[in-house]
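J.: Under this note's numbering, think of the first position of the sequence shown as 15, with each following residue one higher.
Where a beta carbon is used, it is the ideal one built from N, C-alpha and C, also for glycine.
Shown below is the structure under consideration.
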Amino acid sequence: MEGLKPAYEQAPCQIVIKYNKNNLNFEQSDSIFILCLKNKEIVAFLEVHNLSANINGKEILNDLCIGMDRGQVHAIMGPNGSGKSTLANVIMGHPKYSVTSGSILVDGENILELSTEERAKRGLFLGFQYPTEIPGVGYSHFLRNAYNILNKSLSGKQENREVFLTVKEFHEYLKKNLDNVGLQTTFLSRYLNEGFSGGEKKRSEVMQMLVLKPIIAILDEPDSGLDIDAIQAVAEAINILISTGAGILIITHYARILRYLSKLDKVHVMSKGQIIKSGGKELSEELEVKGYGWIGLSDDSSTQQSSKL
Ligand SMILES: Nc1ncnc2c1ncn2[C@@H]1O[C@H](COP(=O)(O)OP(=O)(O)OP(=O)(O)O)[C@@H](O)[C@H]1O
Ligand SMILES: [Mg+2]
Numbered sequence: 015m016e017g018l019k020p021a022y023e024q025a026p027c028q029i030v031i032k033y034n035k036n037n038l039n040f041e042q043s044d045s046i047f048i049l050c051l052k053n054k055e056i057v058a059f060l061e062v063h064n065l066s067a068n069i070n071g072k073e074i075l076n077d078l079c080i081g082m083d084r085g086q087v088h089a090i091m092g093p094n095g096s097g098k099s100t101l102a103n104v105i106m107g108h109p110k111y112s113v114t115s116g117s118i119l120v121d122g123e124n125i126l127e128l129s130t131e132e133r134a135k136r137g138l139f140l141g142f143q144y145p146t147e148i149p150g151v152g153y154s155h156f157l158r159n160a161y162n163i164l165n166k167s168l169s170g171k172q173e174n175r176e177v178f179l180t181v182k183e184f185h186e187y188l189k190k191n192l193d194n195v196g197l198q199t200t201f202l203s204r205y206l207n208e209g210f211s212g213g214e215k216k217r218s219e220v221m222q223m224l225v226l227k228p229i230i231a232i233l234d235e236p237d238s239g240l241d242i243d244a245i246q247a248v249a250e251a252i253n254i255l256i257s258t259g260a261g262i263l264i265i266t267h268y269a270r271i272l273r274y275l276s277k278l279d280k281v282h283v284m285s286k287g288q289i290i291k292s293g294g295k296e297l298s299e300e301l302e303v304k305g306y307g308w309i310g311l312s313d314d315s316s317t318q319q320s321s322k323l
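Structure representation (structure tokens):
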């Protein structure tokens with residue numbers, strides 16, 4: 015453990031970590047800490063190293079580090095405007111963001127130069143905070159194409175990918191998954207997200223995740239706009255994917271959905287484009303009760319506004 019101290023001092027990531035040398039416990043963010051070391055030892059399926067990114071010249075992500083493995087469930091919480099959706103979009107390669115430094119590794123491969131489609135083929139999935147309506151693209155047609163394309167690259171990496179020989183077989187599979195999120199079969203004959211209510215769009219994002227079976231799914235506020243019963247239904251649908259050994263990175267403002275998840279390995283708090291605190295499930299409960307003030311945070315967007323005045 016002697017080697018840790020110089021490495022800690024060199025760590026470029028601005029995360030506050032209390033390292034207790036006597037009992038060898040990291041009080042916060044141990045996995046993030048290790049990931050931020052230049053000579054990293056561990057290899058998680060998804061690793062984000064010292065990532066900085068901007069949009070239209072405005073820096074949103076600032077030397078951010080996070081990592082998670084297959085089968086893990088991590089939650090990211092944080093004030094409005096702290097950069098949570100930006101992180102999700104940058105991991106998936108949204109072209110409107112510019113990455114200025116750092117790297118994103120999937121299974122050890124730097125994916126920064128890959129298109130969004132190639133990232134999906136590596137096993138990543140993003141459920142959007144604000145799903146877009148795409149008139150003209152049939153819901154079931156879209157899912158069948160996407161499933162088949164992913165099968166070519168993921169079948170060697172995942173044992174649970176079925177091959178559906180007929181359209182009818184695939185429809186039965188879709189119906190089962192619609193049922194899992196409480197959507198009716200009639201959705202299959204509609205265009206993607208067109209005219210879906212806010213809650214239906216959220217259920218639909220989780221249903222797409224279930225159908226496509228990613229290795230790691232990033233879900234950006236899958237609970238926003240859902241009625242009380244739907245939150246539990248969506249959580250149970252997420253649990254189905256967790257039971258297959260997939261990893262989940264869930265962004266949320268509320269502890270409620272996290273309580274229904276079958277496991278929760280880490281809760282991270284994001285502020286001003288960085289992970290500033292990590293802990294277990296109890297951290298999300300503490301945030302629910304106390305808000306962000308007790309860890310020295312207020313609403314990030316209002317902070318940014320007022321600092322300009
Ligand atoms: N096109 C843009 N031009 C300038 N700033 C932008 C642009 N797009 C996003 N931002 C800013 O980036 C910051 C981070 O936004 P982001 O959506 O990642 O926050 P968030 O943590 O997901 O917030 P919320 O909890 O409200 O969803 C915000 O201050 C937002 O206004
Ligand atoms: Mg967001």
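(1) Select from 306, 87, 140 the residue whose C-alpha is nearest the C-alpha of residue 100.
(2) Just how far apart, CA to CA, sit residue 136 and residue 122?
(3) According to DSSP, residue 205 sits in a beta bridge with which residue or residues?
(4) Based on Cα-Cα distance, which residue from 248, 288, 183 lies nearest to residue 275?
(5) By DSSP's criteria, residue 280 is part of a beta bridge. Which residues make up the other side?
(6) Is residue 263 near residue 125, with beta carbons less than 8 Å apart?
(7) Alpha carbons only, please: which of 219, 196, 228 is nearest the one belonging to residue 206?
(8) Kindly indicate the opening and closing residues of the beta strand (DSSP E) around residue 288.
(9) Quick one: what's residue 120 bridged to in DSSP?
(10) What are the boundary residues of the alpha helix (DSSP H) that residue 189 is part of?
(11) Quick one, which of 250, 287, 106, 308 has its alpha-carbon nearest residue 191's?
(12) Identify the residues that DSSP records as bridge partners of residue 233: which are they?
(13) One question on the structure: do residue 65 and residue 230 come within less than 8 Å of each other, judged by their Cβ atoms?
(14) Nearest by alpha-carbon distance to residue 287: which of 104, 278, 184 is it?
(15) Taking the C-alpha atoms as reference points, what is the distance between residue 321 and residue 198?
(16) What's the call for residue 12, buried or exposed, on a 16-neighbour Cβ count within 10 Å?
T.: According to the structure data:
(1) In the sequence shown, the residue the question calls residue 100 occupies position 86. Nearest option by C-alpha distance: 140.
(2) The residue you call residue 136 lines up with position 122 of the sequence shown. The residue you call residue 122 lines up with position 108 of the sequence shown. Cα-Cα distance, rounded: 11 Å.
(3) Residue mapping note: residue 205 aligns to position 191 of the sequence shown, counting from 1. In the DSSP output, where bridge partners are listed per residue, residue 205 has 152.
(4) For the purposes of this step, residue 275 is identified with residue 261 of the sequence shown, where counting begins at 1. The shortest Cα separation from residue 275 among 248, 288, 183 belongs to 248.
(5) Position 266 of the sequence shown, counting from 1, holds the residue named residue 280. Paired residue(s): 88.
(6) Your numbering for residue 263 matches position 249 in the sequence shown. Your numbering for residue 125 matches position 111 in the sequence shown. Not in contact: residue 263 and residue 125 (Cβ atoms no closer than 8 Å).
(7) Counting from one through the sequence shown, the residue named residue 206 turns up at place 192. Considering only alpha carbons, the answer is 219.
(8) Locating residue 288 in the sequence shown gives position 274, counting from the first residue. Run containing residue 288: 288-293, per the beta strand (DSSP E) assignment.
(9) Taking the first residue of the sequence shown as position 1, residue 120 is located at position 106. In DSSP, residue 120 forms a bridge with 60, 123.
(10) Taking the first residue of the sequence shown as 1, we reach residue 189 at position 175. Residues 181-195.
(11) For this step, residue 191 is matched to residue 177 along the sequence shown. Comparing Cα positions, the closest option is 250.
(12) The residue you call residue 233 lines up with position 219 of the sequence shown. Paired residue(s): 141, 264.
(13) As a first step, residue 65 is located in the sequence shown; it is residue number 51 there, counting from the start. As a first step, residue 230 is located in the sequence shown; it is residue number 216 there, counting from the start. Their beta carbons are not under 8 Å apart, which means residue 65 does not touch residue 230 by this criterion.
(14) Counting from 1 along the sequence shown, the entry for residue 287 is found at position 273. Nearest option by C-alpha distance: 104.
(15) The residue given as residue 321 occupies position 307 in the sequence shown. The residue given as residue 198 occupies position 184 in the sequence shown. With a pLDDT of 35 at residue 321, under the threshold of 50, the modelled position of this residue cannot be trusted; read the value that follows with caution. Residue 321 and residue 198: Cα-Cα distance of roughly 48 Å.
(16) A query on residue 12 cannot be resolved here, the shown segment of the chain reaching from 15 to 323 and no further.
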